[in-house]
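Chemist:
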Amino acid sequence: MLDLIIKNGTIITADETYKGEIGVENGVITYIGSAGKLDHLINTDPENGPVTKVIDAEGKYVMPGLIEPHMHVKAPFSGTIDMLDFYTASKCAAFGGVTTFMDFSTTTESMPVLEAVEDRLREMEEESALDYCVHPKFINAGKDKEELRKTIKTLVEKGVPAFKMFTIYPGVMIKDADILRIMQTAKEEGALCGFHAESNDIAQFMTEKLIEEQKKDWEYFNAAKPNACEAEAVNRIIEFAELTDAPIYFYHLSTKEAVEAVRQAKKRGLKVYAETCGHYLAFTDEKNKGKDGINYLMSPPLRSEEDRKAMWDGLRDGTLSLVTSDNEVFTREIKEKDLETDEKGEKIPDFRKPVNGIPGLEERFGLLMAGVNRGDITLNKLVELGSTNPAKIFGCYPKKGCLEIGCDADIIVVDPEKEVPLTWENLHYPPELDYSIYEGFVSRGWPICTIRRGEILVENGEFKGKKGSGQFLKCKVKL
Ligand code: URP
Ligand code: ZN
1 MLDLIIKNGT IITADETYKG EIGVENGVIT YIGSAGKLDH LINTDPENGP
51 VTKVIDAEGK YVMPGLIEPH MHVKAPFSGT IDMLDFYTAS KCAAFGGVTT
101 FMDFSTTTES MPVLEAVEDR LREMEEESAL DYCVHPKFIN AGKDKEELRK
151 TIKTLVEKGV PAFKMFTIYP GVMIKDADIL RIMQTAKEEG ALCGFHAESN
201 DIAQFMTEKL IEEQKKDWEY FNAAKPNACE AEAVNRIIEF AELTDAPIYF
251 YHLSTKEAVE AVRQAKKRGL KVYAETCGHY LAFTDEKNKG KDGINYLMSP
301 PLRSEEDRKA MWDGLRDGTL SLVTSDNEVF TREIKEKDLE TDEKGEKIPD
351 FRKPVNGIPG LEERFGLLMA GVNRGDITLN KLVELGSTNP AKIFGCYPKK
401 GCLEIGCDAD IIVVDPEKEV PLTWENLHYP PELDYSIYEG FVSRGWPICT
451 IRRGEILVEN GEFKGKKGSG QFLKCKVKL
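First residue of the sequence shown? That's 1 in UniProt numbering, and the numbers climb one at a time after it.
(1) Would Lys392 and Gly401 be called neighbours here (beta carbons separated by less than 8 angstroms)?
(2) Does the distance from the CB of Ile377 to the CB of Leu315 come in under 8 angstroms?
(3) Under three-state DSSP, which class holds Lys137?
(4) Among the residues of its own chain, which have a CB less than 7 angstroms from the CB of Ala93, if the five just before and after it don't count?
(5) Does the Cβ of Tyr251 lie closer than 7 angstroms to at least one heavy atom of ligand 2?
(6) Could you name the residues of the same chain whose beta carbon sits closer than 7 angstroms to that of Asp408, not counting the 5 residues immediately before and after it, in chain order?
(7) Assign Leu243 to one of two classes, buried (16 or more other C-beta atoms within 10 Å of its C-beta) or exposed (fewer than that).
(8) Give the straight-line distance between the Cα atoms of Lys187 and Val372, rounded to the nearest whole angstrom.
(9) For Val259, report the span of its alpha helix (DSSP H) as first-last.
(10) For my contact list, Ile6 and Val62 are in at a C-beta cut-off of 8 angstroms; report their separation, rounded to the angstrom.
(11) Mind checking which residues open and close the beta strand (DSSP E) that includes residue 480?
(12) Okay, do the region 273–290 and the region 198–211 touch, 3+ Cβ pairs below 8 angstroms being the bar?
(13) May I ask you to report which of helix, strand or coil DSSP gives Ser128?
(14) Quick check for students: name the residue ranges of the beta strand (DSSP E) that lie wholly in the region 145–186, counting only runs of 3 or more.
(15) Would you tell me roughly how many angstroms separate the C-alpha atoms of Asp245 and Lys267, rounded to the nearest one?
(16) Flag this pair as touching only if the region 145–160 and the region 173–188 have three or more C-beta atom pairs under 8 angstroms; answer yes or no.
(17) Cβ of Asp82 versus every heavy atom of ligand 3: is any distance shorter than 7 angstroms?
(18) Could you tell me whether the region 81–97 touches the region 40–54, using the rule of 3 or more Cβ pairs below 8 angstroms?
(19) With 16 other CB atoms within 10 Å as the buried threshold, where does Val323 fall?
(20) Does DSSP put His196 in a helix, in a strand, or in coil?
(21) According to the Cβ coordinates, are Tyr435 and Leu422 closer than 8 angstroms?
(22) Name, in chain order, the residues that DSSP records as bridge partners for Met71.
(23) For a test of the three-state rule: what should DSSP assign to Ala274, helix, strand or coil?
(24) So is Pro431 buried or exposed if we call it buried at 16+ other beta carbons inside 10 Å?
(25) Taking 8 angstroms as the threshold, find out whether the region 163–180 comes into contact with the region 213–224 through three or more Cβ pairs.
(26) Going by the beta-carbon positions, is the gap between Glu219 and Lys289 smaller than 8 angstroms?
(27) Where are the beta strand (DSSP E) runs, 3 residues long or more, that stay fully inside the region 43–118, in chain order?
(28) Rounded to whole angstroms, what is the Cα-Cα separation between Gly366 and Ser105?
(29) Distance check for Phe240 and Glu455, CA to CA, integer angstroms please.
(30) Relative to the alpha-carbon of Ala310, which residue among Glu459, Ala223, Lys225 and Glu275 has its alpha-carbon at the smallest distance?
(31) Is it buried or exposed, His40, if we count other Cβ atoms within 10 angstroms and call 16 or more buried?
(32) So the beta strand (DSSP E) Pro390 belongs to, where does it begin and stop?
(33) Give the C-beta separation of Thr247 and Lys225 to the nearest angstrom, bearing in mind that I take them to be a contact with Cβ-Cβ under 8 angstroms.
(34) Taking the C-alpha atoms as reference points, what is the distance between Phe77 and Val355?
(35) Does Ile202 come out as helix, strand or coil in the three-state DSSP assignment?
(36) Since Thr30 is in the alpha helix (DSSP H), which residue starts that stretch and which ends it?
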C-alpha cells in the first residue's frame with residue numbers, strides 16, 4: 001500500500017512536462033506515470049494499516065523540491081551573527097519550496113576544518129527539518145602536504161566533498177598558493193573547490209579612494225567593489241583551474257565580465273560551474289540609493305541593468321547553472337549597530353560598517369517564477385536551476401533533484417495562480433526581522449505543499465516539519 005499519492009497534477013522536471021501521478025512508499029517514489037494505475041494501492045481503511053494520503057493536484061504543477069546549496073545560518077560574520085538557526089531556516093525554506101539545504105563550516109584558525117565540519121553537522125542534525133549537507137570552508141592549506149591530503153580524503157569519504165574558499169575578507173581569505181595546493185589535491189581526491197571570488201586588494205584600494213573623497217553613502221558600495229573586483233578574482237581562479245585541471249565552482253556571480261569569463265572557460269573545455277543569486281536577477285544598484293540602501297548591502301554588490309540582463313542570458317545559455325539565495329539574515333538594528341549618529345539622532349551612512357548579507361531562502365522560488373512569467377526561462381529550466389543542477393553539481397543526484405522511481409520523494413505542489421506578495425508579513429522569518437527587501441514584489445505561482453522524503457513539511461499554510469527530522473545527505477562529486 002502507498003503512503004502518499006499525488007494525482008491529476010502536471011509533472012514538471014528539468015526535461016519533461018506531462019500529466020501524471022506519483023506514488024510514494026517509505027519516503028521514496030515507487031511509481032510515476034499515467035493516471036489511474038495506483039487506485040488499487042490506496043488504503044482508505046485504518047484497520048488495514050496506515051491510510052494513504054491523497055493529494056489532488058488538479059490545475060497544479062508537481063516539481064522536485066528545490067535544493068539550496070548556498071546559505072549562511074549561524075555564521076559569525078563582521079563581528080555579529082545572523083538570526084536564523086537550522087530549524088527557523090527549515091521553516092522559511094520549506095515555505096519557499098526547498099527540501100534540501102547545504103550550509104558551510106565556520107572554520108577558524110583555532111578550529112581545523114574537520115572539527116568545524118563535525119560541529120556544523122551536529123547543529124544541523126539537532127535542528128534541521130530538511131535534509132542537509134555541509135560545504136567545508138578552507139582558510140589555509142596547513143603546513144604539511146600529506147596532512148592536507150588526509151583531510152581532503154576524510155572529507156570526501158565523509159560525503160562533504162564541495163569546499164569553499166574566500167579570496168576576500170581578512171581572517172577567512174586564503175592565499176593564492178594555498179588555493180593552488182587545495183585545488184590540486186581536491187582534483188586528485190574527487191572534491192570540488194568553490195569560490196567567493198572578489199579581489200581583496202581592489203576592494204581595499206577603491207574603498208580608501210572613496211573615503212578620501214568623502215563618498216561613504218550606501219550608493220558608493222558598488223564603486224568600492226566595482227565589476228573589476230569580481231572579474232579579476234574570477235579570471236585568476238580560472239587560470240588556476242587551467243594550471244591544475246581541477247573542476248571549480250563560483251558562488252554568487254554578479255557581473256557581465258565574470259559571466260563572460262566563465263562562458264569562455266567552458267568553451268575551452270574547463271570544468272567551470274557557476275551560480276548567480278535571486279537578488280542579482282531582481283535588482284540593480286538603484287536599490288542602494290536612499291535611506292533603505294543599507295538593506296541591500298550584500299557581497300558582491302548589486303550591479304547595473306546590463307549586468308542584471310547578463311545574468312539571465314547566462315542562465316539561458318547554460319553558462320550559469322544555478323540560482324541560489326546566499327541567504328544571511330540580519331535585522332536593520334544589527335546592520336546599523338556600528339554606525340555613528342548625527343546631532344539629530346540620525347544614523348550616518350558608511351558603507352564599510354554594516355554587515356553584508358540579505359534574506360532570500362524563502363523568496364527564491366518567487367524570483368525564478370517571475371522569470372518564467374516574463375518568458376525569460378521555462379518551467380523546466382526553473383527546475384534545472386533550482387533543483388536538478390544543484391543535485392548534479394554538489395553530488396546528490398539522482399537521490400535528489402529529480403522525480404523518478406527510486407528517488408527521495410522530495411516534491412512540491414505549486415499553484416500557478418496563487419499570488420504571494422513577498423512582504424515580511426507573508427514570509428516566515430522570525431518576527432524580529434522587520435523588513436523585506438522584496439516589498440512590492442508579488443510572486444505569481446507559489447508552492448502550496450512541500451514534501452520531504454514523503455513527509456509533509458508545509459500544507460494549508462502550516463509548517464509541520466519536526467526539529468531534527470532532516471537527514472544528512474552523503475554527497476559524492478562526479479564532475
Ligand atoms: O554578503 C554576503 N554575501 N554575505 C554572506 C557571506 C558571503 O560573503 O558569502
Ligand atoms: Zn560569498
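In this text, a Cβ means the ideal position worked out from N, Cα and C, and glycines have one as well.
Modeler: Short version:
(1) Against a cut-off of 8 angstroms, the Cβ pair of Gly401 and Lys392 comes out as a contact.
(2) yes
(3) strand
(4) Glu68, Phe101, Leu130, Leu361 and Glu362
(5) The answer is yes for Tyr251.
(6) Gly27, Val28, Lys399, Lys400 and Arg453
(7) exposed
(8) 36 angstroms
(9) Lys256 to Lys267 is the extent of the alpha helix (DSSP H) around Val259.
(10) 6 angstroms
(11) Residue 480 is absent from the structure shown; the chain starts at 1 and stops at 479.
(12) no
(13) coil
(14) Qualifying beta strand (DSSP E) stretches, in chain order: 162–166.
(15) 14 angstroms
(16) These segments touch.
(17) Of the ligands one can find in the structure shown, namely ligand 1 and ligand 2, none is ligand 3.
(18) no
(19) buried
(20) strand
(21) no
(22) Asn327
(23) Annotated three-state conformation of Ala274 is strand, per DSSP.
(24) exposed
(25) no
(26) Yes, the pair counts as a contact, with Cβ atoms nearer than the cut-off.
(27) 53–56, 61–64, 66–68 and 98–104
(28) 28 angstroms
(29) So the alpha carbons of these two residues sit roughly 44 angstroms apart.
(30) Glu275
(31) exposed
(32) Not the beta strand (DSSP E): Pro390 falls in the alpha helix (DSSP H), residues Asn389 to Phe394.
(33) Going by the sequence as given, residue 247 is Pro instead of Thr. Wrong, their Cβ atoms sit about 26 angstroms apart, outside the cutoff.
(34) 7 angstroms
(35) Ile202 falls in the helix class under three-state DSSP.
(36) Here Thr30 belongs to no alpha helix (DSSP H); instead the beta strand (DSSP E) covers Val28 to Gly33.
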